[in-house]
Amino acid sequence: MSTSEQRAKPPAAPARLRSPTLSDAASTCELRAWYSMAETRFNGSFTLELSHGGHVVPLWRSPASSSGAWRPLLAYTGRVRGAFQVTFSSVASVALDDVQFRNCGPQSPRSCAPNERPCLPRGCVAPARHCDGTEDCSDGSDEQGCETFLSCPFEEDWCRWTAGANQNLSWARNCSSQVPSSPARPTRDHTTNTPEGHFIYVAGAQRGRAELVSPTLVVNGSCHLVLYAHLHGSDANRLNVYSQTETKRELILSRAGDLGDFWFRQEATFNGTEDFQIVLEGVIGKDPQSSIALDDLILSPGCIQQSGLLSAPRTEQPPGPVPCKDDQFACDSGARCLGSEQVCDFKADCDDDTDESQCGASNFTHGMGGWADISVGRIQWVSAGPDPASPGLGLGQAPGQMLSLARATTPLLGPSSWACAVELQFNTGPQGLLALAVTDAAPGRWLWHAQGNGTAAWQHVTVALGARERPFQLELLATEEDLALAIESVAFLDCGASLSRPSGLSCNFESDLCGWFAEPGDGFEWRLHIGQDHTTGRGSFLSADPAAPGSHGRRARLVSAPQASLTLSNACLSFWYRLEGPQIGTFNLLVKSAGAAEEVLWTRAGSQGAAWRRASATIPQHLLPGFQVIFELLRDGFVGTVALDDVALAPGPCAAPLRCNFEEPGACNVSGGGWVRQQGGGTSGQGPPHDRTLGTSEGHYMVADTSALAAGEAVPLRTGMYLPLGGTHCVGFWYYLSAGDAGSLRASVEEEGGRQTEALAAGSRRHGSWRYANFTAEVSGEWRVAFEAEGDGGAVPSYVALDDLEVTPGSCLGAGSCDFESGTCGWRKPHGDWRSWDWAGRARTVSLARGTPKRLGRDAYDLRPCKGATSPSRWAQDTTPPASPARPLKAPAASTSATAWPSRGKVQAMLSSGCSCLARRGSVWSGGQPATKVGPGGRRGFSLTVVVSSRWCWKWALAIGPARAPLRWTT
Numbered sequence: 001m002s003t004s005e006q007r008a009k010p011p012a013a014p015a016r017l018r019s020p021t022l023s024d025a026a027s028t029c030e031l032r033a034w035y036s037m038a039e040t041r042f043n044g045s046f047t048l049e050l051s052h053g054g055h056v057v058p059l060w061r062s063p064a065s066s067s068g069a070w071r072p073l074l075a076y077t078g079r080v081r082g083a084f085q086v087t088f089s090s091v092a093s094v095a096l097d098d099v100q101f102r103n104c105g106p107q108s109p110r111s112c113a114p115n116e117r118p119c120l121p122r123g124c125v126a127p128a129r130h131c132d133g134t135e136d137c138s139d140g141s142d143e144q145g146c147e148t149f150l151s152c153p154f155e156e157d158w159c160r161w162t163a164g165a166n167q168n169l170s171w172a173r174n175c176s177s178q179v180p181s182s183p184a185r186p187t188r189d190h191t192t193n194t195p196e197g198h199f200i201y202v203a204g205a206q207r208g209r210a211e212l213v214s215p216t217l218v219v220n221g222s223c224h225l226v227l228y229a230h231l232h233g234s235d236a237n238r239l240n241v242y243s244q245t246e247t248k249r250e251l252i253l254s255r256a257g258d259l260g261d262f263w264f265r266q267e268a269t270f271n272g273t274e275d276f277q278i279v280l281e282g283v284i285g286k287d288p289q290s291s292i293a294l295d296d297l298i299l300s301p302g303c304i305q306q307s308g309l310l311s312a313p314r315t316e317q318p319p320g321p322v323p324c325k326d327d328q329f330a331c332d333s334g335a336r337c338l339g340s341e342q343v344c345d346f347k348a349d350c351d352d353d354t355d356e357s358q359c360g361a362s363n364f365t366h367g368m369g370g371w372a373d374i375s376v377g378r379i380q381w382v383s384a385g386p387d388p389a390s391p392g393l394g395l396g397q398a399p400g401q402m403l404s405l406a407r408a409t410t411p412l413l414g415p416s417s418w419a420c421a422v423e424l425q426f427n428t429g430p431q432g433l434l435a436l437a438v439t440d441a442a443p444g445r446w447l448w449h450a451q452g453n454g455t456a457a458w459q460h461v462t463v464a465l466g467a468r469e470r471p472f473q474l475e476l477l478a479t480e481e482d483l484a485l486a487i488e489s490v491a492f493l494d495c496g497a498s499l500s501r502p503s504g505l506s507c508n509f510e511s512d513l514c515g516w517f518a519e520p521g522d523g524f525e526w527r528l529h530i531g532q533d534h535t536t537g538r539g540s541f542l543s544a545d546p547a548a549p550g551s552h553g554r555r556a557r558l559v560s561a562p563q564a565s566l567t568l569s570n571a572c573l574s575f576w577y578r579l580e581g582p583q584i585g586t587f588n589l590l591v592k593s594a595g596a597a598e599e600v601l602w603t604r605a606g607s608q609g610a611a612w613r614r615a616s617a618t619i620p621q622h623l624l625p626g627f628q629v630i631f632e633l634l635r636d637g638f639v640g641t642v643a644l645d646d647v648a649l650a651p652g653p654c655a656a657p658l659r660c661n662f663e664e665p666g667a668c669n670v671s672g673g674g675w676v677r678q679q680g681g682g683t684s685g686q687g688p689p690h691d692r693t694l695g696t697s698e699g700h701y702m703v704a705d706t707s708a709l710a711a712g713e714a715v716p717l718r719t720g721m722y723l724p725l726g727g728t729h730c731v732g733f734w735y736y737l738s739a740g741d742a743g744s745l746r747a748s749v750e751e752e753g754g755r756q757t758e759a760l761a762a763g764s765r766r767h768g769s770w771r772y773a774n775f776t777a778e779v780s781g782e783w784r785v786a787f788e789a790e791g792d793g794g795a796v797p798s799y800v801a802l803d804d805l806e807v808t809p810g811s812c813l814g815a816g817s818c819d820f821e822s823g824t825c826g827w828r829k830p831h832g833d834w835r836s837w838d839w840a841g842r843a844r845t846v847s848l849a850r851g852t853p854k855r856l857g858r859d860a861y862d863l864r865p866c867k868g869a870t871s872p873s874r875w876a877q878d879t880t881p882p883a884s885p886a887r888p889l890k891a892p893a894a895s896t897s898a899t900a901w902p903s904r905g906k907v908q909a910m911l912s913s914g915c916s917c918l919a920r921r922g923s924v925w926s927g928g929q930p931a932t933k934v935g936p937g938g939r940r941g942f943s944l945t946v947v948v949s950s951r952w953c954w955k956w957a958l959a960i961g962p963a964r965a966p967l968r969w970t971t
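When the sequence shown is numbered by UniProt numbering, its final residue is 971 and no position is left out of the sequence of numbers.
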C-alpha cells in the first residue's frame with residue numbers, strides 16, 4: 001500500500017487509510033507495520049491515530065530519520081473497551097506493508113496456578129497484578145475490590161503527594177488536550193486512555209530535577225508502589241524512586257533513557273520499621289523538550305499512611321577532590337575530570353581505565369558491565385544467568401505490562417575503527433531468541449540474531465561493527481519462555497579509532513579482504529567464496545546470495561575502510577562483477593566523503609548474464625577527502641546472485657565505460673551540445689515515453705531535438721576515449737527515431753589523431769520504437785564513438801534518442817544473428833517476465849581420440865530458460881534493416897538455425913512486425929518431436945531453418961514450453 005503526492009490537492013490535505021471497526025483491545029495490544037518514506041523533508045508527516053468513544057488519540061508519528069529504507073513501526077493502543085478504529089495519515093509519498101495487531105484479544109484458556117485468580121470468561125491473573133491499574137482480565141474483574149489500595153489517578157487533585165525541597169524544576173498536573181503540543185509529551189493519560197485524562201509531568205525548559213514526595217508511611221506487611229511512567233524524547237532523562245527517612249535517603253529504583261511513547265508499568269518494594277516517605281525524582285538531561293510523566297500511583301494495603309511530616313535528612317559534602325560537573329566524568333578516584341565524549345570511546349584516558357570499564361565489554365563478574373536494562377515488558381535483563389554459580393547476563397521476571405522483548409543498551413559509544421567488531425559468548429536456551437542491534441543516526445537495526453534449536457549449548461559469534469561516528473549504542477534483545485537464555489561475556493575487538501587503516505582499495509580477495517568489511521544485514525551479506533573467480537579462474541571472490549539460509553534483509557553492503565584524503569582532481573575505481581538471476585535486483589556503487597551523505601556513482605539493475613563484466617566509475621574531487629566506498633545490492637527476491645572481484649583504484653579519470661545505460665549522471669562520460677539526458681519523455685514530451693534499459697518511464701536515455709535543426713544541420717554526441725583494442729570489437733547500441741520527419745542518426749569511429757570513419761547511418765519516417773544497431777570497429781590506438789543527430793527540416797516535433805551502448809570483443813554478426821559468446825546481440829527478455837531466458841555460461845569440452853573430454857575454457861555461453869520455469873518463456877529480438885553501413889545494403893534475407901535438446905515440451909518460433917507496412921504476427925514453426933539428429937549423450941533433437949524477407953523491420957519471438965534442457969542458438 002502506498003500514497004503519492006497530488007499537485008491538485010492542497011499541501012495540508014493528508015491521505016488517510018482507516019481500519020475496519022474493531023472491538024475491545026487488551027492492555028497488551030500492539031500494532032506493528034513496515035513503512036518507507038521517499039523524502040526527508042516530510043519527516044514527521046506520517047501518523048497513526050486511534051478513534052474510540054468520540055476521542056481521537058495520536059499513537060505514533062514518524063521520527064526525524066524516517067526516509068529511505070523500510071523501517072519498523074510499533075504503537076500501543078492501550079486498553080480500549082468497545083468499538084475503535086486506527087487511521088494512518090500522510091501528506092507525503094509513503095509505502096506501508098505488513099500491518100499486524102498482536103496480543104490484542106482476551107487471554108487464551110488455561111488452568112490457573114494455586115496462587116492465581118481466574119478471569120471471566122477465561123484466563124488467569126497473578127496476585128501482583130491485582131488492583132495494579134491495568135485490566136488483565138477482559139471483564140475487568142482484576143481491578144475490582146480495590147478499596148484498601150491507595151490510588152492516585154490525578155484526575156481531581158494530587159492525593160496528598162507534595163513537591164519536594166531539593167529541586168529547580170517542578171511537577172505539573174494537566175491533560176494532553178491542554179498541554180502545549182510537543183513530540184515527546186504523552187498524547188493521553190493512562191487511567192482513561194484519552195487526551196482528556198490527567199497526569200503529571202516535569203515542567204520546565206531547562207536541565208534540572210523535580211521531586212514529588214508521598215505522605216508519611218510505615219510498612220505493615222507487603223508494601224509496594226505501582227506507577228505508570230512515560231520517558232520519551234531523550235536518552236539522558238532519568239526517573240529515580242527513593243525511600244527517605246529522617247536519617248537517610250536510599251535509592252530503590254531507577255529507570256533511564258528513551259523507553260518509548262507509551263505508559264509502562266513499574267513497581268518498587270519498600271521494607272523497614274521506620275516511618276518513611278517515597279520520593280519520585282524526575283531528572284531532565286540534555287534535551288529540555290523531552291518528557292518525564294507519571295500517572296496512576298498505587299500503594300498496596302501494606303503501606304499505611306501516618307500523620308505528620310518528616311524532616312529531610314542532612315546531606316554533607318564528603319571530603320576530597322572537587323566533584324566534576326554534571327556533563328563530566330570523574331576518573332582516577334576523582335582526581336581528574338573528563339569530558340563526556342571521552343568516555344566509552346574505546347581508548348582508556350584514565351590511569352585506572354574506569355572511563356572504559358562500564359561500556360559493555362564485560363564477563364559480568366561485577367554487575368552488568370555498563371549494560372542498562374530498558375525493558376518495559378514482563379521479562380528483563382539481570383546480572384545473573386540461569387546458573388547462580390556462573391556469572392553472566394541473563395533474563396528475569398519484570399513488572400511491565402507489555403508482552404515485549406527484553407532490551408538492554410550500552411552507554412553512548414564511539415567513534416570506532418574500520419575493523420571494529422563485537423564478540424559474544426552466549427546460550428539461547430532451547431527456544432530463545434537473541435539479537436544484537438545498533439542505533440546511531442537511524443533507529444535500531446538488527447545486526448545479528450540467533451534462534452534456539454532445541455539444545456542448550458554455548459556458542460560464539462563475532463559481529464562486525466565497522467567505522468561508526470559517535471554517538472552510537474548497541475542493544476541486546478531477547479525472549480525465552482523458560483528464561484534459560486544467557487550471555488557469558490562480551491568483548492570489543494580492534495575498535496580504537498586510532499587503529500591504522502589499510503592502504504588503498506585495490507584487492508583481489510585471494511588472501512584477505514584488504515580492509516573491506518561486510519556490513520551486517522540480518523543474514524543477507526557479502527561472503528568470501530572459492531570458485532570460478534575473475535583473477536585466476538579458480539580462486540577467491542566475494543558474493544551475496546539472497547537465497548542463502550537466514551538471508552532476511554533487503555540489502556547487502558560491502559564497505560571499505562575510510563581512506564586517506566587524496567590530493568588528486570579525481571580517481572578511477574574499477575572492478576569486475578557478475579549480476580545474474582531473474583530476481584537479483586539492483587547493484588550500486590556508492591561513495592561517501594567524510595561527514596557527507598552517500599552518493600551513487602554507478603548502478604546496474606536486473607540480470608547481466610552469467611559472466612564476469614568490468615565496470616568503472618570516476619570519483620570526483622569533492623568526494624575524495626576521507627572517502628569510503630560501498631558496494632550495495634538491493635534485491636528483488638530470492639532467485640539470483642552477485643559476485644565481486646579485482647577492485648582497483650588508480651589516479652585520474654576512468655576510460656570510457658564499455659557498457660553504458662545512462663542511468664547514473666556523468667557515468668557514461670559522454671559530451672556534446674544539443675543532447676540531453678532525460679526520462680519519460682521529459683518535460684516537453686520530446687523523447688521516448690520509456691527507456692530501453694528498464695522499459696519504464698523511470699529509465700534514462702540521451703535525446704536530441706531534431707525539430708530544432710535545419711535540414712542537414714547536426715549535433716554531435718561523443719563517448720570518452722576507449723583504450724586501444726586488441727583485435728576487432730563490436731559496438732552495439734539502441735536508438736529511437738520519432739515517427740514522422742525525425743531526421744537521421746550517424747555513427748562514426750574517431751581515432752587518436754583526428755581520423756574519422758563513418759560506420760553506419762539510420763533514417764526513416766516509420767519508426768517510433770527502440771531499434772538495435774551495431775558495427776565492427778578495428779583500430780590500433782585510442783578511439784571513441786561519435787554520434788550525430790541530423791535534422792530533416794520537418795515542421796512537426798521530432799527527436800533522436802540513444803540508450804544501452806556496449807562494446808564487446810569480436811566482430812559483429814549479421815542482423816538477428818548471435819553466437820552469445822560475449823553478449824545477447826540485441827536479443828532481450830520481455831520486461832517484467834522473470835520466468836524467462838538468461839545468458840548462462842557453460843564449460844566448452846571436446847572429446848579426444850583417447851581419454852576423457854577436456855575443458856577448453858570458461859567463456860562459452862548459451863541462452864537458457866530460467867531454472868524452475870513452468871510457463872512458456874520468451875525472448876524477442878528486434879532487427880533493424882533501416883540502420884545501414886556506409887555502403888549500400890539491399891533488403892535483407894535472414895537465415896537462422898536453432899538446435900534444441902529438450903527432454904520434454906515444445907519450442908515455437910514466431911515472426912511479427914510492428915511496422916504499419918507489415919502489421920502481421922504468426923507462428924512460422926512449432927516443434928517438439930524427436931527428429932533425425934542425435935545429440936550429446938544420445939539425446940535426439942531437431943534443427944530449423946526459417947527464411948525471412950522483409951523490406952522493413954522484423955522481430956523474432958522464441959517461446960519454449962515446460963522443458964528442463966537448454967536451448968542453444970547458432971547461426
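Heads up, the beta-carbon is just placed ideally off N, CA and C, and yes, glycines get one too.
Give me the Cα-Cα distance between residue i and residue j, rounded to the nearest whole angstrom.
| i | j | result |
| --- | --- | --- |
| A747 | A801 | 13 Å |
| P127 | C112 | 12 Å |
| L253 | F264 | 14 Å |
| F426 | V91 | 45 Å |
| M368 | Q342 | 21 Å |
| A773 | F492 | 58 Å |
| V283 | P391 | 32 Å |
| P582 | P106 | 45 Å |
| G640 | T603 | 17 Å |
| S540 | H534 | 9 Å |
Just verifying my parser: in three-state terms, what is the DSSP assignment at residue i?
| i | result |
| --- | --- |
| D326 | coil |
| D142 | helix |
| S340 | helix |
| G623 | Residue 623 is actually Leu in this sequence, not Gly. Helix. |
| P716 | strand |
| S616 | strand |
| T354 | helix |
| A643 | strand |
Under the assumption that residue i contacts residue j (Cβ atoms under 8 Å), give the Cβ distance between them as a whole number of angstroms.
| i | j | result |
| --- | --- | --- |
| A594 | P562 | 7 Å |
| A25 | R71 | Between R71 and A25 the Cβ distance is about 24 Å, and since that is not below 8 Å, they are no contact. |
| V559 | F517 | 6 Å |
| I278 | L231 | At roughly 18 Å, the Cβ-Cβ gap does not stay under 8 Å, so I278 and L231 are not in contact. |
| A83 | T21 | 5 Å |
Tell me, please, which residues DSSP counts as bridged to residue i.
| i | result |
| --- | --- |
| I304 | V218 |
| S36 | A95 |
| H460 | Q425 |
| C137 | Bridge partners of C137: none, in fact. |
*asked:* If contact is defined by three or more beta carbon pairs under 8 Å, each pair taking one atom from either stretch, is the stretch 613-625 in contact with the stretch 674-694?
replied: no
Are three or more beta carbon pairs between the stretch 607-615 and the stretch 655-666 nearer than 8 Å? Short answer: they touch.
Original post:
For the 8 Å Cβ check, are there 3 or more pairs between the stretch 282-301 and the stretch 395-415?
Top reply: Contact fails: fewer than three Cβ-Cβ distances are below 8 Å.
Measuring CB atoms only, is the stretch 692-705 touching the stretch 722-732, in the sense that at least three cross pairs come out at less than 8 Å?
No contact exists between the stretch 692-705 and the stretch 722-732.
Does the count of Cβ pairs from the stretch 460-475 and the stretch 431-450 closer than 8 Å reach three? yes
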